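Let me begin by presenting the structure, written as structure tokens, before commenting on it.
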């Protein structure tokens, strides 16, 4: 689970949180796992690698990003400020 802590709101809250979460996930390192199957007992165990340099990364290339599009006087706007956001129609 990811949690964002917003320190200041200046517009584009959802967009900024979306970018922050994707950036955090792109830097996440997952420890390497080794799955061992004992054929005699038919048990499966998972061992976590102790070597901090053996890890996998998450593929975030297909994660969506939020982009807020507003409309002010018939003109579409992207990346609005808090003042612009307060008068948008969409």
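Residue numbers (my numbering): -8 to 81.
Glycine residues also receive a C-beta, built at the ideal position from the N, C-alpha and C atoms.
All figures in this text were calculated on a predicted structure; none of them were measured in a lab.
Does DSSP put residue i in a helix, in a strand, or in coil?
i: residue 52; result: coil
i: residue 6; result: helix
For residue i, which of the options has the nearest alpha-carbon?
i: residue 37; options: 69, 31, 30, 25; result: 25
i: residue 3; options: 70, 74, 79, 77; result: 70
Output needed for residue i: all residues of its chain with C-beta closer than 7 Å, excluding positions within five of it in sequence on either side, in chain order.
i: residue 11; result: -5
Tell me which same chain residues have a C-beta within less than 8 Å of the C-beta of residue i, skipping the five on either side of it?
i: residue 21; result: 46, 47, 48, 49
i: residue 29; result: 35, 36
Give me whichever residues DSSP pairs with residue i in a beta bridge.
i: residue 68; result: 61
i: residue 31; result: Note: residue 31 sits in no beta bridge, so no partner.
i: residue 36; result: 27
i: residue 20; result: 48
Since residue i and residue j should fall inside the 8 Å C-beta cutoff, what is the C-beta to C-beta distance between them, to a whole number of angstroms?
i: residue 75; j: residue 63; result: 6 Å
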